[in-house]
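**Student:** First to last, the sequence lines map onto chains A and B. The first sequence: position 67 = 67 (the numbering used here), numbered continuously. The second sequence: position 20 = 20 (the numbering used here), numbered continuously.
Protein chains: 2
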Amino acid sequence: MTRETTSAKPPGRPRAGIDAVVFAATLKTVHKLGYAGATMDRIAAAAGVAKTTIYRRWPSKGALITDCLVDTFGPLPPMPGSRAEYLAAAIDLAATKISEPGVGAAFAGVFVDAVSDAGLREILSTRLQAPYLRALQDALGEPEDRILLFVDITVGTLLHRMGMTGAPMVEADVAALTEMILRHFAERA
Amino acid sequence: MTRETTSAKPPGRPRAGIDAVVFAATLKTVHKLGYAGATMDRIAAAAGVAKTTIYRRWPSKGALITDCLVDTFGPLPPMPGSRAEYLAAAIDLAATKISEPGVGAAFAGVFVDAVSDAGLREILSTRLQAPYLRALQDALGEPEDRILLFVDITVGTLLHRMGMTGAPMVEADVAALTEMILRHFAERA
DNA sequence: ACAATTTCGCTACCAGTGGTAGCGATACCG
DNA sequence: CGGTATCGCTACCACTGGTAGCGAAATTGT
């Protein structure tokens, strides 16, 4: 009954469960000091963990931030209802999460690091974007390019506001954005 | 006839006109190596100019990139015509310029540096965003928050696509984006 | 022609930053 | 208790943005 492929417990000291602590420390540090100010040393110190320990789990700062975002956003919850309700809920989810302390700055930071780093872009695309893309495609039954445009508009707008003003978008503007997007994506392509 | 305030020529070696060369070198380097890879040393080398000379004119890398973008975008040309035509032309201008080699990556890079740097955010906001904001406000007669939302949607979407894929948005998607924005901003608030 | 002044290019340098190597200590399994 | 893998720690490396100080060049006024 020893299932080696998945649950064979290897010998040696087991890894401590530090993911949650590190993720929380990451967001807190980014929130306080900004993306550039959130040094790996500082994140490690805030988590009460050695920097080398962090590098044993995540190969780079970008990978850590990406995993932190994946953990924060979580899976797209099942949202029954009309197409419009589904889209509105997705936009609202994005806006809410990006508004949480540190999330917007972390997202924007890793996003732009990715512009210059193909490896990181791969990580970001695979781990963070792809799951949502598939979920949206399954739920809406639209061609991929339309889903991509929807994501670009939603996330891009929210991040741009965050970057320019340093503060998340106010509710009224999110409502206006939602209305505009709904009018365009209400019916299928 | 000596107008001291503006044109009194000071003694000493005059400054060489290197702005154009440096701007071109900046965009070329960013295009080839990405924002993070575009070192000040490399930009200086590409321009055939000493790094210290660059730092005598621009106080920081962010300021250089910002001025480079200001130079690239230039003033918003007068665009007579209907409201819709004006908006469409503005979107098209943004999409065209951001598609130019290096411009999108430079924009995204300085944009995210600004998230963590209040001083740079001030420079970016004052030198790059404010002029366009005023021009759009004058031309459209809309309240500021609606103009800001328009800019967030337009620039944010284009930059997000650039960041995620590494390539500028294709024409068909720009057209879809334009149509969606026009439907929302066609009539005054 | 000559001093004054300012900029130029250059080398050297500094404080951080992401990331790595190697150490003894520690926690777990058999 | 022996084997193994992880932990925290210190030290270290390559590189980056940015600065200081130097002699050389270019311009002005006398």
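The beta carbon of each residue, even a glycine, is placed where N, CA and C say it ideally should be.
1) Where do the ends of the alpha helix (DSSP H) carrying A:G119 lie?
2) Beta-carbon separation of A:V151 and B:Y35 under 9 Å?
3) To the nearest angstrom, report how far apart B:Q129 and A:E122 are at their CA atoms.
4) Taking 8 Å as the threshold, find out whether the segment 66-76 of chain B comes into contact with the segment 35-50 of chain B through three or more Cβ pairs.
5) Going along chain A, which residues have a C-beta under 8 Å from B:Q137?
6) Does A:L76 get closer than 9 Å to chain B when you measure Cβ to Cβ?
7) Out of B:A175, B:F107, B:A90, B:A89, which one is the CA nearest neighbour of B:M162?
8) Please list the residues of the segment 26-59 of chain B that have a C-beta atom closer than 9 Å to any C-beta atom in chain A, keeping them in chain order.
9) At a CB distance below 9 Å, what residues from the segment 158-189 of chain B approach chain A? Give them in sequence order.
10) Identify each residue in the segment 124-148 of chain A for which the Cβ-Cβ distance to at least one residue of chain B is less than 9 Å, and report them in chain order.
11) State the Cα-Cα distance for the pair A:F23 and B:M79, rounded to the nearest angstrom.
12) Run the CB neighbour count on A:G119, radius 10 Å, all protein chains shown included, and call it buried at 16 or more, exposed below.
13) Is it right to say A:S116 is buried, meaning 16 or more other beta carbons lie within 10 angstroms of its own, or is it exposed?
14) Classify B:A16: buried if its beta carbon has 16 or more other beta carbons within 10 angstroms, exposed otherwise.
15) Mind reading off the beta-carbon distance from B:D87 to B:L149? Whole number of angstroms is fine, and I expect it under 8 Å.
16) Taking Cβ-Cβ distances shorter than 8 Å, what residues in chain B pair up with A:F73?
17) Quick one: list the residues of chain B neighbouring A:I65, beta-carbon separation under 9 Å, in chain order.
18) Terminal residues of the continuous alpha helix (DSSP H) containing B:A25?
19) Taking Cβ positions only, does B:G102 come closer than 9 Å to chain A?
20) State the DSSP-derived secondary structure class of A:L93, mapped to helix, strand or coil.
21) Taking 9 Å as the CB-CB limit, is B:A108 close to chain A?
22) Could you check what DSSP says for A:R56 in three-state terms: helix, strand or coil?
23) In chain order, what residues of the same chain lie with their CB nearer than 8 Å to the CB of A:K97, ignoring the 5 residues before and after it?
24) B:I18 versus chain A: which residues are under 9 Å apart at the beta carbon?
25) Any C-beta of chain A sitting closer than 9 Å to the C-beta of B:V70?
26) Around the C-beta of B:K61, are 16 or more other C-beta atoms found within 10 angstroms, so that it is buried, or is it exposed?
27) Can you list the residues of chain A that B:S99 reaches, using a CB-CB cut of under 8 Å?
28) With a threshold of 9 Å between beta carbons, is A:V151 in contact with chain B?
29) Measuring CA to CA, which of B:T52, B:Y55, B:A50, B:P101 is closest to B:L33?
30) What residues from chain A crowd round B:A114, counting only those whose CB sits closer than 7 Å?
31) Tell me the residue span of the alpha helix (DSSP H) that contains A:M180.
**Tutor:** Taking the definition as stated:
1) Along the first sequence, one-based indexing puts residue 119 of chain A at 119. First-last of the alpha helix (DSSP H) with A:G119: 118-123.
2) Taking the first residue of the first sequence as position 1, residue 151 of chain A is located at position 151. Taking the first residue of the second sequence as position 1, residue 35 of chain B is located at position 35. No. Outside cutoff.
3) Start at 1 with the first residue of the second sequence, and residue 129 of chain B comes out as number 129. Start at 1 with the first residue of the first sequence, and residue 122 of chain A comes out as number 122. Approximately 31 Å between the Cα atoms of the pair.
4) When C-beta atoms of the segment 66-76 of chain B are compared with those of the segment 35-50 of chain B, fewer than three pairs fall below 8 Å, so the two segments do not count as touching.
5) By one-based count along the second sequence, residue 137 of chain B stands at place 137. Ordered by position in chain A, no residue passes the 8 Å Cβ test against B:Q137, which lies about 16 Å from the chain.
6) Counting from 1 along the first sequence, the entry for residue 76 of chain A is found at position 76. No, A:L76 does not count as interfacial toward chain B.
7) Here the question's residue 162 of chain B lines up with position 162 in the second sequence. Among B:A175, B:F107, B:A90, B:A89, the Cα nearest to that of B:M162 belongs to B:F107.
8) Near chain A, meaning a CB-to-CB distance below 9 Å, the residues of the segment 26-59 of chain B are V30, L33, G34, Y35, A36, G37, A38.
9) L158, L159, H160, R161, M162, G163, M164, T165, G166, M169, V170, A172, D173, A176, L177, E179, M180, I181, R183, H184, F185
10) L124, S125, Q129, D145, R146, L148
11) The residue given as residue 23 of chain A occupies position 23 in the first sequence. The residue given as residue 79 of chain B occupies position 79 in the second sequence. The straight-line gap from Cα to Cα measures roughly 49 Å.
12) Taking the first sequence and counting its residues from 1, the one referred to as residue 119 of chain A is at position 119. Per the 10 Å Cβ criterion, exposed.
13) The residue given as residue 116 of chain A occupies position 116 in the first sequence. Answer is buried; the Cβ neighbour count reaches 16.
14) The residue you call residue 16 of chain B lines up with position 16 of the second sequence. Exposed, since its Cβ has fewer than 16 Cβ neighbours within 10 Å.
15) The sequence position of residue 87 of chain B within the second sequence is 87, counting from 1. The sequence position of residue 149 of chain B within the second sequence is 149, counting from 1. Note that residue 87 of chain B is Leu in the sequence shown here, rather than Asp. In fact, because the Cβ distance is near 13 Å, the residues do not count as touching under 8 Å.
16) For the purposes of this step, residue 73 of chain A is taken as the residue at position 73 of the first sequence. What A:F73 touches in chain B: nothing, since even the nearest Cβ is about 15 Å away.
17) Reading the first sequence from its first residue, position 65 is the one you call residue 65 of chain A. Neighbours of A:I65 on chain B: none; closest Cβ ~12 Å, over 9 Å.
18) Locating residue 25 of chain B in the second sequence gives position 25, counting from the first residue. Segment 19-37, the alpha helix (DSSP H) holding B:A25.
19) Looking up residue 102 of chain B in the second sequence gives position 102. No, because no Cβ of chain A sits closer than 9 Å to the Cβ of B:G102.
20) Taking the first residue of the first sequence as 1, we reach residue 93 of chain A at position 93. In the structure shown, A:L93 sits in a helix (DSSP, three-state: H, G or I).
21) The residue you call residue 108 of chain B lines up with position 108 of the second sequence. Yes, B:A108 counts as interfacial toward chain A.
22) For the purposes of this step, residue 56 of chain A is identified with residue 56 of the first sequence, where counting begins at 1. Of the three classes helix, strand and coil, the one that applies to A:R56 here is helix, per DSSP.
23) Here residue 97 of chain A is taken as the residue at index 97 of the first sequence, counted from 1. Result list for A:K97: T72, F73, V103, in chain order.
24) What you label residue 18 of chain B is simply residue 18 of the second sequence in a count that begins at 1. Near B:I18 there are no residues of chain A at all, since even the closest Cβ is about 25 Å away, more than 9 Å.
25) Working through the second sequence from its first residue, we reach residue 70 of chain B at position 70. Chain A, which has no Cβ nearer than 9 Å to the Cβ of B:V70, makes this no.
26) Working through the second sequence from its first residue, we reach residue 61 of chain B at position 61. B:K61 comes out buried.
27) For the purposes of this step, residue 99 of chain B is taken as the residue at position 99 of the second sequence. None at all; the shortest Cβ gap to chain A is about 14 Å.
28) The residue you call residue 151 of chain A lines up with position 151 of the first sequence. Yes, A:V151 lies at the interface with chain B (some Cβ there is under 9 Å from its Cβ).
29) The sequence position of residue 33 of chain B within the second sequence is 33, counting from 1. Nearest C-alpha to B:L33: B:P101.
30) The residue labelled residue 114 of chain B in the question sits at position 114 within the second sequence. By Cβ distance, chain A contributes G163.
31) As a first step, residue 180 of chain A must be located in the first sequence, where it is residue number 180. Counting along the chain, the alpha helix (DSSP H) containing A:M180 begins and ends at 171-185.
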